[in-house]
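Counting from 1, position 82 in the sequence shown corresponds to residue 87 in our numbering; the numbering is continuous, with no gaps.
In this text, a Cβ means the ideal position worked out from N, Cα and C, and glycines have one as well.
Since the model is a prediction, treat every value here as computed from it, not as a measurement.
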Amino acid sequence: MKLNYYFSTTHKRKLVLVLILLTIISISIFLYLRLKHKTYEQVPFESQKWLTSSIEDRFLMYRDLLDGRILIDKTENEIEKILGKPNYIWKDEQSYEWEYNLGYQESAASLMFPYNNWLHVLFQEDKKVEKAYLINHD
6 MKLNYYFSTT
16 HKRKLVLVLI
26 LLTIISISIF
36 LYLRLKHKTY
46 EQVPFESQKW
56 LTSSIEDRFL
66 MYRDLLDGRI
76 LIDKTENEIE
86 KILGKPNYIW
96 KDEQSYEWEY
106 NLGYQESAAS
116 LMFPYNNWLH
126 VLFQEDKKVE
136 KAYLINHD
């Protein structure tokens, strides 16, 4: 057999087609495994459980905490009794917020790295909670 037989135009086309198909299959498998929806069981919020839980376990309670509007119109002292001391306090002329770390969770929107979740508690000028919300950081 001649060497040209293996490198003929027909064989090159078939080889390119096979490589393209293998690439598509490989990317599809990677994306499926990486992007498949990972669900987290939501747990009802309980202050005592929150105070003694790991940050990852706190993440499971955040939805109930926010949906129930438990924190709205509470004072700083009440929030500290409910959630404990914050990980960070942000204070400037425009805002005053407490932040609680809720740990890392995987997300379909983040292809390479999991998100770090933070519960933000925003206080009004009268030192009562205006709103609470979740922020995801890469």
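- Cα atoms of Asn141 and Glu98: separation of roughly 24 Å, rounded to the nearest angstrom.
- Counting the other Cβ atoms within 10 Å of the Cβ of Leu107 gives 16 or more, which makes it buried.
- Per DSSP, Gln110 lies in no alpha helix (DSSP H) segment; the continuous beta strand (DSSP E) that holds it begins and ends at 101–110.
- The continuous beta strand (DSSP E) containing Phe128 extends over residues 120–128.
- Secondary structure note for Leu65: it is in no beta strand (DSSP E), with a DSSP letter that is neither H nor E.
- Relative to Trp55, the option among Leu88, Val23, Arg68 whose CA is nearest is Leu88.
- Taking 8 Å as the cut-off, the beta carbon of Tyr105 is found closer than this to the beta carbon of Trp123.
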